[in-house]
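Here's the structure we're looking at; comments come further down.
Number of protein chains: 2
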Amino acid sequence: MNPSEIVIFLVSISIMLFGARSLGELVRKVNQPIIVGEILAGILLGPTLFGTIAPETYNSIFSSSKNISIALSGITNLAVIMLLLVSGLEVDLSLIVKQGKQAALTSIMGIVLPFAIGFGASYLFPYQMGINNESMKLVFALFIGTALSISALPVIVKTLIDLNIFKTQIGFTILASAMVDDLAGWIIFSIILSMLGTSVHHLSFEMTIALTLGFIAFTLIVVRKLINYILPIIQEKLTFPGGVLNLILILGFLSAAFTEYIGIHAIFGAFIMGIAIGDSAALSENTREIIHQFVTNIFAPLFLVSIGLRVNFIQNFDLVLVLIFIILAFAGKLIGCGFGAYWGGANRREAIVIGFGMNSKGAMEIILGLLALEYGLIQEKVFVALVIMALVTSISSAPLMNMFLSDKSKYSFSRLLNPKYIFISDSADKFAVITELVNRIEKDTGIDKDQIISEVWEREKDFPTGIANSLAIPHARIDIKKPVIAVAYHTSGIDFGALDGIPSRVIVLLLTPKTNNELQLKLLAEIAATFRDKERSEEILTFTKKEEFASRLLKLATLSNA
Amino acid sequence: MNPSEIVIFLVSISIMLFGARSLGELVRKVNQPIIVGEILAGILLGPTLFGTIAPETYNSIFSSSKNISIALSGITNLAVIMLLLVSGLEVDLSLIVKQGKQAALTSIMGIVLPFAIGFGASYLFPYQMGINNESMKLVFALFIGTALSISALPVIVKTLIDLNIFKTQIGFTILASAMVDDLAGWIIFSIILSMLGTSVHHLSFEMTIALTLGFIAFTLIVVRKLINYILPIIQEKLTFPGGVLNLILILGFLSAAFTEYIGIHAIFGAFIMGIAIGDSAALSENTREIIHQFVTNIFAPLFLVSIGLRVNFIQNFDLVLVLIFIILAFAGKLIGCGFGAYWGGANRREAIVIGFGMNSKGAMEIILGLLALEYGLIQEKVFVALVIMALVTSISSAPLMNMFLSDKSKYSFSRLLNPKYIFISDSADKFAVITELVNRIEKDTGIDKDQIISEVWEREKDFPTGIANSLAIPHARIDIKKPVIAVAYHTSGIDFGALDGIPSRVIVLLLTPKTNNELQLKLLAEIAATFRDKERSEEILTFTKKEEFASRLLKLATLSNA
């Protein structure tokens, strides 16, 4: 690259990162997954908008020289490989095994039905579904089937955490099923790729399949055990975390090279190797964190933005096709996973939540589409429809799940803790501290404070709410929609009639909706559980700043509510 | 890139990372800076060895297609830009300002003399120094002068930490001076580049110089303040650490693009922007850590290995030239910085240590040489000589400094703490615990244990060594070369006559060389200082596992010895 190429190369990377970050943060503000913003940034920066408004500037930045395009494609190639490697790290094989019948049925139905729908529709109506080359009808139908079966683990994880159901039974079912569906989806896709005969040395279809299955078995059994054995040694003997970081990338790149070589694309190898590495208990959090942050914040955005740079989303927008894909996606996952979960023992409400939860297609869908586009399997309008479908399913997943989640699953002590409502108090007595607590959150409830105080006080007079280990939980059910919590740390302690006779220093006011008895019981239990361990409770009480108290409390609550 | 190119691209990156890590760890085992190993890996993997032994395999991996070379060069370009960005982050402007006359004289002399020597030798004997194009004599001489003036901050930091003098007066002087010399060296080099007229739009020499100085002033004054203002906001409002990571890279890439555009190479802009960003107190350790680990473990090795891939180090090896460069490098830095430090108030010994400390040339030298080679300023044999000179100065720095460092600077409590010699004891009395302590370290001293015990006991009987806050330091000067320390945690506490009357629970045995009174006093003071704070001392005493005790003790010692 000559100096002027280097200048443009650097500027284009900067613009891509800047666009991804800006849009990513924007969508985050409205509680959407960041990757949605990153993909949108690419559409805005690509031929769809920027390239249409200012074609000359656009061309001089993103397609002025072949060298720059090659260098950029080198980086986005590495980026997508690393993205799949990190996605693989997130797959937890033992979690899959531990989840029982419900997850098994959810995941199987979550593949079978969407695949059947996608395959059937494309095989019967190939033109309507946008086939590119009619001699490839079978491969095309297989591809659409796969595209509807796959799900996007990273987006799903994010959604579950946002909804605070990551470590609940529903969460585990969704997670385990999504992992299985991802793995199965990629395996089916690798078979499709081998049917296309894209291997470097033109291996036969049977040979490619045999090598693929051999690679999966070898990596997930032999290599996984080897890594589990070798990782602690590397972490101890080599520079930390440099040695492990290199090991992860080297293994990832080499298996990517291998799968690319046998004709099933590099990312598949990276994904499988990611699973094998991520499974090791020896892999330290610190290492995961470094690689995760760098990949999701630097490499992934570069790849996600590059998607939008390839296609004009307005020119290739076909409303009917977009609607068909969205409807098929929703139908497949909602019915498939929903019934799977229902048969597995979930109630109707939970089954619907699981169905919507499994519907996020995120970046996986798009990566698949991109490859299909490159191999001439689909037209650009199908690619555009797939991207839009991926965005719609990812965006709609959290709000739709939220609609069907019960309050009990939605709220937890740790989630309701708000630093704004945590304070230090030296009130003279029980009534004074309760008044102080109510004063803090009065505005949030929209109810007259005297009324709240009297409700809490009535309860407190009859049954004192001191628990043990310095904790008291004055509480009441009042006329509100969402539960509210305030916490006072009392400097000298107040007698709330605790069982161990010790004055209470952590006083948690809990107000819950009048109609929901179950929710109150659940939250009371969670708060009590947080302070069950004497030593840990005492640790919370030693702090120097208010912020420290708040963060320790939150940490302990998160731990014990998990 | 087609599939077979992607395969080779991934394999070559994997091999580069693997080679860098292997050689890097190898040299680390013999206490050498890792970058030395990474550069050596490149030489072994390049035309020098691998390319000579197996030219066909070599070509098929590293130079089979133009696309792969371009993609690799895109990545190494980003790598070296990020490397300089991270190096810039390590520069601490306030440290430079705080260091007084000594650092000022050291850094000025550390540029003036090496530059004069390099310039003089190259201007007077251009052929012997390996000039490529005699019409460029002035630029060539300026370049050699700069090459001898620059130093490698990352290697120097590593050496100082290894020698345990990072936070001493000598360490600060070396650090501040190296920062100034690096900055000055790059500014001079940017002037040289502008003389070559390499700007994208062929700006005039004067214009380039004006823009360069303007860029430096603007970045270090205006942008630095802006970053300091904006960083806390970004850390709070945007995703953390993603937002900051992107900000750092975007700013780094954009300033790199700017300086490349005005004709003084991208890395200069990244370096200056790194300084401006790193200066902000708001930049969190976590963010620094992520970017530092990823760049030094992934990108830097790719760049460092790529150096060796360019040149055959045997074919272009010119012993005389290598010796000349090594001699000039040592002469310039040792005499220049040594005298500077001496005039600034250092004693002769310290001055020599500072001189050797400033001599590491590390990767900076090589980056400079690489650019000079690309611009046709030097021949390949000069480049080879520069690389070897950089390796020799980096390797020799630590051992030479160590030779001249006094024992007092070399040893500290935290450095002497060895987990092997830290244990839990429940001995019955003072004599028993001292015996136990001596038993632990007897082998390390090579002296009869009864003799040691009697020496310690004599001292203890006359003047009990209990200090306060549960600490006692039984000690003796015996016939050993290096000081030794053992630590017992006594479960119930033993009366060592401490001033606060509290039985001692942390009993530190300190044995120092007979001849060195000063060293004993210094270490006693350091151990006492570690336990000066009552609260912190008590914190050490609450632990559940022996390892926890050891690590807390080490942490506190490191903190208070700093």
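For the record, the sequence lines run as chains G and C.
One point on numbering: in the numbering used here, the residue at position 126 of the first sequence is 1398, and numbering is uninterrupted.
One point on numbering: in the numbering used here, the residue at position 387 of the second sequence is 1659, and numbering is uninterrupted.
Cβ atoms here follow ideal geometry from the backbone N, Cα and C, with glycine treated the same way.
Secondary structure of residue i, DSSP reduced to three states
i: residue 1764 of chain C; result: strand
i: residue 1537 of chain G; result: coil
i: residue 1585 of chain C; result: coil
i: residue 1568 of chain C; result: helix
i: residue 1738 of chain G; result: strand
i: residue 1759 of chain C; result: strand
i: residue 1437 of chain G; result: coil
i: residue 1744 of chain C; result: strand
CB contact flag (residue i, residue j, <8 angstroms)
i: residue 1785 of chain G; j: residue 1791 of chain G; result: yes
i: residue 1812 of chain G; j: residue 1826 of chain G; result: no
i: residue 1799 of chain C; j: residue 1745 of chain C; result: yes
i: residue 1384 of chain C; j: residue 1608 of chain C; result: yes
i: residue 1584 of chain G; j: residue 1319 of chain G; result: yes
i: residue 1281 of chain G; j: residue 1343 of chain G; result: yes
i: residue 1311 of chain C; j: residue 1570 of chain C; result: no
i: residue 1427 of chain G; j: residue 1573 of chain G; result: no
i: residue 1549 of chain G; j: residue 1465 of chain G; result: no
i: residue 1421 of chain C; j: residue 1387 of chain C; result: yes
i: residue 1503 of chain C; j: residue 1538 of chain C; result: no
i: residue 1641 of chain G; j: residue 1655 of chain G; result: yes
i: residue 1517 of chain G; j: residue 1547 of chain G; result: no
i: residue 1755 of chain C; j: residue 1693 of chain C; result: no
i: residue 1604 of chain C; j: residue 1377 of chain C; result: no
Cβ separation of residue i and residue j, assumed to be a contact under 8 angstroms, to the nearest whole Å
i: residue 1728 of chain C; j: residue 1748 of chain C; result: 5 angstroms
i: residue 1577 of chain C; j: residue 1770 of chain C; result: About 57 angstroms separates the two Cβ atoms, so there is no contact after all.
i: residue 1657 of chain C; j: residue 1705 of chain C; result: The Cβ separation is near 60 angstroms, so there is no contact.
i: residue 1743 of chain G; j: residue 1809 of chain G; result: 7 angstroms
i: residue 1636 of chain G; j: residue 1313 of chain G; result: Not a contact, Cβ separation roughly 19 angstroms.
i: residue 1309 of chain C; j: residue 1296 of chain C; result: 4 angstroms
i: residue 1379 of chain C; j: residue 1448 of chain C; result: 7 angstroms
i: residue 1543 of chain G; j: residue 1360 of chain G; result: 4 angstroms
Opening and closing residue of the alpha helix (DSSP H) in which residue i lies
i: residue 1455 of chain G; result: 1441–1468
i: residue 1341 of chain G; result: 1338–1362
i: residue 1488 of chain G; result: 1477–1489
i: residue 1324 of chain G; result: 1322–1325
i: residue 1416 of chain G; result: 1409–1421
i: residue 1817 of chain G; result: Run containing residue 1817 of chain G: none; DSSP gives neither H nor E here.
i: residue 1680 of chain C; result: 1679–1682
i: residue 1654 of chain G; result: 1652–1676
i: residue 1804 of chain G; result: Neither: residue 1804 of chain G is in no alpha helix (DSSP H) and is coded neither H nor E.
i: residue 1646 of chain G; result: 1634–1646
i: residue 1605 of chain G; result: 1591–1615
i: residue 1709 of chain C; result: 1702–1717
i: residue 1297 of chain C; result: 1275–1301
First through last residue of the beta strand (DSSP E) which encompasses residue i
i: residue 1783 of chain C; result: 1776–1785
i: residue 1748 of chain G; result: 1747–1750
i: residue 1695 of chain C; result: 1694–1697
*asked:* Output needed in chain order: residues of the region 1511–1538 of chain G with a Cβ under 7 angstroms from some Cβ in chain C.
replied: 1511, 1513, 1514, 1515, 1517, 1518, 1521, 1522, 1525, 1526, 1528, 1529, 1532, 1533 and 1538
_Where the region 1619–1642 of chain G meets chain C: residues whose CB sits under 8 angstroms from a CB there_ = none
*Can you list, in chain order, the residues of the region 1289–1320 of chain G whose Cβ is nearer than 9 angstroms to any Cβ on chain C?*
1289, 1290, 1292, 1293, 1296, 1297, 1300 and 1306
*What residues from the region 1382–1404 of chain C come within 8 angstroms of chain G, judged by C-beta to C-beta, listed N to C?*
none
*Check distances from the C-beta atoms of the region 1335–1346 of chain C to those of chain G and list, in chain order, the residues that come in under 9 angstroms.*
1338, 1339, 1340, 1342, 1343, 1344, 1345 and 1346
*Near-chain C residues of the region 1273–1285 of chain G - C-beta to any C-beta below 9 angstroms*: 1273, 1274, 1275, 1276, 1278, 1279, 1280, 1281, 1282, 1283 and 1285
*For the region 1346–1360 of chain C, which residues have a CB atom closer than 9 angstroms to at least one CB atom of chain G, in sequence order?*
1346, 1347, 1349, 1350 and 1353
*asked:* Tell me which residues of the region 1663–1696 of chain C have at least one Cβ-Cβ distance to chain G shorter than 8 angstroms, keeping chain order.
replied: none
_Contact set between the region 1475–1501 of chain C and chain G, restricted to residues whose Cβ is under 8 angstroms from the partner_ = none
*Return the residues of the region 1555–1567 of chain G that lie within a Cβ-Cβ distance of less than 7 angstroms from chain C, sorted by chain order.*
1562, 1565 and 1566
*Any residues in the region 1731–1755 of chain C with a beta carbon nearer than 7 angstroms to a beta carbon of chain G? Which ones, in chain order?*
none
_Residues in the region 1700–1728 of chain G having any Cβ partner in chain C nearer than 8 angstroms_ = none
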